[in-house]
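Step one of this worksheet: look at the structure below.
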Amino acid sequence: MDILLLNVPSISLVYPPAAPSLLKGVCEQAGFLATVKDFNLTLFNNLHDADQINRIANYFTIRSNNITIEDQVILDEWYKDCIAKVLECQPKFLGISVFTFECQRATEELVERLRPVYSGKIIVGGAGLSTTGIASGKNDFGTRLKDQGLVDFFIRGEGENALVNILREENNLISGINNDNYVQITNLDGIAFPNYDDIIDLPYKYSNNIVQLPVTTSRGCVRACTFCDIHAFWKKYTYRSGESVASEMIHHYEKYGVTHFFFTDSLINGSLKSFRDLYTKINEYYAENNLGDRFFHWGGQWIVRTPNQLKPKDYQLAAKAGMNGLAMGIESLSESVRDHMKKGFSNSDLDYTLEQFRENELNCYFLIIAGYPTETEDNFVESLEMFTKYQGYAIDGTIFGVNLGGTLSIDEGTPLHQNGTALGLEFSTETGNENLFGLDWINEKNPSLTLLERCKRRVLMQELLMNLGYTVWNGDHQLTRLRESYDKIARNSYNRPYTPNTQSV
Amino acid sequence: MIKLHEIPITVRIHLTHSQYNESGWPLCEVSWNNNTVKRFEANVDKIEFTIVQNPELDKSILQFHHYGINHHRDDKWVEIQKIYINNIDLRHILWDGVQHAFIPPWDDLDPIMPGNLYLGYNGNITWTFDNPILLDIQKRLGRTVKTIHGQETTEEVLEKTKKYFWNHV
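These protein sequences, in sequence, are chains W and X. For what it's worth, our numbering labels the leading residue of the first sequence as 1, then goes sequentially. For what it's worth, our numbering labels the leading residue of the second sequence as 506, then goes sequentially.
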């Protein structure tokens, strides 16, 4: 075997992770033999106690968390099993997908144990190479593992070309391999379809117990929102043609019988031409094969468009093609706050979108930020009033969920971070932290919006939404983390660098 | 904080009806919790009104009355087609309405007719909702999605967090 591609904790189990299977397809297209194993699933699928699952997930995801002796025994056994599986495969290369910073601990602990017994080359890649947001210039994690001799290669940016280059053992100093100078791929239609053969039968925690596969239609975003770092990482918005995306879905249907898809990228409807080609090709496939309307189910992230950009016919045909379950980065229901964010849509655009969704029986999910730096008390109340106005959409299921996140965290690479001084943002003088990063900030132009006030607004908003009948997602985890983060900030330990505690496992 | 019972409830009823004849248009009245909110001749295809919920009541009762027929000579009718509450289509809840008709003595029919939206006699259709009404509609529509495993949101954690930020901090 040329390469074994791995996932490690902690990531969601709701559907198969995209990257390793995509890279398997890419490697095979280049003539290499690749296998995918999901060690994240192996661990969590064998745990049955909810508290234990939470403890172990928190151990991987919250920097300062330690672990109980009982959990330590389980992790030790799991690491032994992982190593045995790697050695059994004897791959020339081992690739680990560091999906987010929440995969860093497992990655590091695994390579520390593997390095002495495995003679192949170890590669890490993924957004998790940076702890401070994907657009950060600081590739702290990948660099540290390389410097410590725990890995041979880190790959920054997209992995498709770089990984094949490493496998070919050609010039490994090209863009993104052991350096941060990655160059974005512009022709996404030339990339192979993912190959899910190795994991399609694994017991992921699919909603409704229906197999759902991820599909990536684009990279980057057409917008440049002030709180987001996507556009800094993906300099250019690149996208696949609608025909290519539809062909991939049809390929997975014909190969695996899968009819449910989730789009992993920032927006389904970034390119309107590609979006229209996508639903057209799918509807043509239904007609050619005598399949009913909405035979496929597909959804992902959606940006609010004006009535001039997307007509009622677009919504009708996309619904017919099976689009549903659209996550929208609404962020604030105050128009003036949203204008500052550069979200690029008005309240009337949102009204139109929601009405089109309702008319066509499409459902959607709101992503919201409580406590944006310019949010005044009046803006906050306006948001609450708008949620009250939109209550009917939650009652009839058009809005199937709201995710309130934590309060605003400022990441490197975002315009808020880059223009922080001009905007009046600074680290909290109360805690003495020196970096404008994360939750610990104040806005001197909106001084009453303290961290405590932001936390309270976050909580009040959730309370209102629950009373109004909205389904708030992931609230327990987010509120628990919010309390923990507030506590750390109060103890001035929030921004303390991560120090691996390898003795605890 | 916005209180649920303070949210205005706008009801829109879509209907079809018999045409004008020598005895006129069908006569209709709509009541909410036994208070008349609309009285009209059925020469329109929809009516709309707004009420404020009474927080002291456990139930909200919507009644649509058809009256003024002389069964010896009149042939008038109305039929309810759709009801929207705050623009929410009540869908199948519509059929939960129960008609109580005032049947003339020569017709041998049960006057209680669940799920009959055609009012050919004098009578009324009653829809009953638990309060707060919108949450009852949500429950009965059954179109909401539950959070998936690991993504839950509970009152317990919310209350704990409120105590933390309002009392402890």
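Quick reminder that beta carbons are idealized off the backbone N, C-alpha and C, glycines included.
Contact list for residue i against chain X, beta-carbon separation under 7 Å
i, result
"G392 (chain W)", "N591, N592 and I593"
"F400 (chain W)", "T649 and V650"
"C455 (chain W)", "F670"
"D38 (chain W)", "Those within 7 Å of D38 (chain W) in chain X number zero; the least Cβ separation is about 17 Å."
"G371 (chain W)", "Neighbours of G371 (chain W) on chain X: none; closest Cβ ~12 Å, over 7 Å."
"S207 (chain W)", "I653"
"R483 (chain W)", "T666 and Y669"
Nearest residue (CA-CA) to residue i, options the options
i, options, result
"T555 (chain X)", "X:Q586, X:L567 and X:V549", "X:L567"
"I598 (chain X)", "X:K644, X:H510, X:V583 and X:G628", "X:K644"
"L362 (chain W)", "W:S383, W:N379, W:A394 and W:S332", "W:A394"
"G190 (chain W)", "W:R240, W:D51 and W:T143", "W:R240"
"G31 (chain W)", "W:N65, W:F44, W:L167 and W:L47", "W:L167"
"E375 (chain W)", "W:T280, W:G242, W:A19 and W:E453", "W:E453"
"N178 (chain W)", "W:D152, W:W473 and W:L291", "W:D152"
"Y59 (chain W)", "W:L33, W:I11 and W:K80", "W:I11"
"D265 (chain W)", "W:M466, W:Y237, W:Y365 and W:Y196", "W:Y237"
"P203 (chain W)", "W:P16, W:V472, W:G420 and W:L479", "W:P16"
"T61 (chain W)", "W:N379, W:E108 and W:D49", "W:E108"
"T226 (chain W)", "W:V36, W:D378 and W:L408", "W:L408"
Those residues which DSSP pairs with residue i across a bridge
i, result
"I96 (chain W)", "W:L6 and W:V124"
"K273 (chain W)", "Looking at the DSSP assignment, K273 (chain W) forms no beta bridge with any residue, so it has no partner."
"G299 (chain W)", "W:F262"
"I556 (chain X)", "X:I514"
"C533 (chain X)", "X:F545 and X:H571"
"R219 (chain W)", "W:T238"
"E331 (chain W)", "W:I368"
Test: residue i CB closer than 9 Å to a CB of chain X
i, result
"E102 (chain W)", "no"
"Q356 (chain W)", "no"
"D189 (chain W)", "no"
"Q462 (chain W)", "yes"
"Y196 (chain W)", "no"
"V211 (chain W)", "no"
"N58 (chain W)", "no"
"V459 (chain W)", "yes"
"N269 (chain W)", "no"
"A490 (chain W)", "yes"
"P20 (chain W)", "no"
"Y315 (chain W)", "no"
"L452 (chain W)", "yes"
"N347 (chain W)", "no"
"H297 (chain W)", "no"
"H48 (chain W)", "no"
"Y486 (chain W)", "yes"
"N65 (chain W)", "no"
"H340 (chain W)", "no"
"N522 (chain W)", "Absent from the structure is residue 522 (chain W), since the part of chain W shown begins at 1 and ends at 505."
"E430 (chain W)", "Residue confidence for E430 (chain W) is low, a pLDDT of 49 falling below 50, so the modelled location carries little weight; the figure read from the coordinates is stated next. With 9 Å as the cut-off, E430 (chain W) does not count as an interface residue toward chain X."
"N363 (chain W)", "yes"
Partners in chain X for residue i, counting only beta-carbon separations shorter than 9 Å
i, result
"N474 (chain W)", "T652, G655, Q656, E657 and T658"
"T480 (chain W)", "V662, K665 and T666"
Test: residue i CB closer than 9 Å to a CB of chain W
i, result
"K665 (chain X)", "yes"
"I642 (chain X)", "yes"
"V516 (chain X)", "no"
"K520 (chain X)", "In the sequence on display, residue 520 (chain X) carries Leu and not Lys. No, because no Cβ of chain W sits closer than 9 Å to the Cβ of L520 (chain X)."
"V662 (chain X)", "yes"
"V674 (chain X)", "yes"
Cross-chain neighbours of residue i in chain W, by beta carbon under 9 Å
i, result
"I512 (chain X)", "T388, Q391 and L468"
"N646 (chain X)", "For clarity, residue 646 (chain X) is Leu in the given sequence; the question names Asn instead. Within chain W, the residues near L646 (chain X) are I395, D396 and G397."
Closer than 7 Å at the beta carbon, the chain W residues around residue i
i, result
"L567 (chain X)", "Ordered by position in chain W, no residue passes the 7 Å Cβ test against L567 (chain X), which lies about 16 Å from the chain."
"L639 (chain X)", "Q391, I395 and G469"
"L599 (chain X)", "Within chain W, no residue comes near L599 (chain X); the closest Cβ sits about 14 Å away, beyond 7 Å."
Anticipated Cβ contact below 8 Å, residue i with residue j, distance rounded
i, j, result
"V245 (chain W)", "V215 (chain W)", "6 Å"
"I585 (chain X)", "F607 (chain X)", "The Cβ separation is near 17 Å, so there is no contact."
"A84 (chain W)", "P9 (chain W)", "Actually they do not touch by this definition, with Cβ atoms about 18 Å apart."
"H571 (chain X)", "P609 (chain X)", "The Cβ separation is near 14 Å, so there is no contact."
"Q558 (chain X)", "H510 (chain X)", "4 Å"
"F262 (chain W)", "G300 (chain W)", "6 Å"
"K667 (chain X)", "V459 (chain W)", "6 Å"
"I653 (chain X)", "V14 (chain W)", "6 Å"
"N161 (chain W)", "I122 (chain W)", "The pair is not a contact, with the Cβ atoms about 19 Å apart (cut-off 8 Å)."
Cross-chain neighbours of residue i in chain C, by beta carbon under 7 Å
i, result
"V14 (chain W)", "Of the protein chains in the structure, W and X, none is chain C."
Interface residues of chain X facing residue i [CB-CB closer than 8 Å]
i, result
"R55 (chain W)", "Simply none; closest approach about 13 Å."
Neighbour list for residue i in chain W, Cβ cutoff strictly below 8 Å
i, result
"L509 (chain X)", "N467 and L468"
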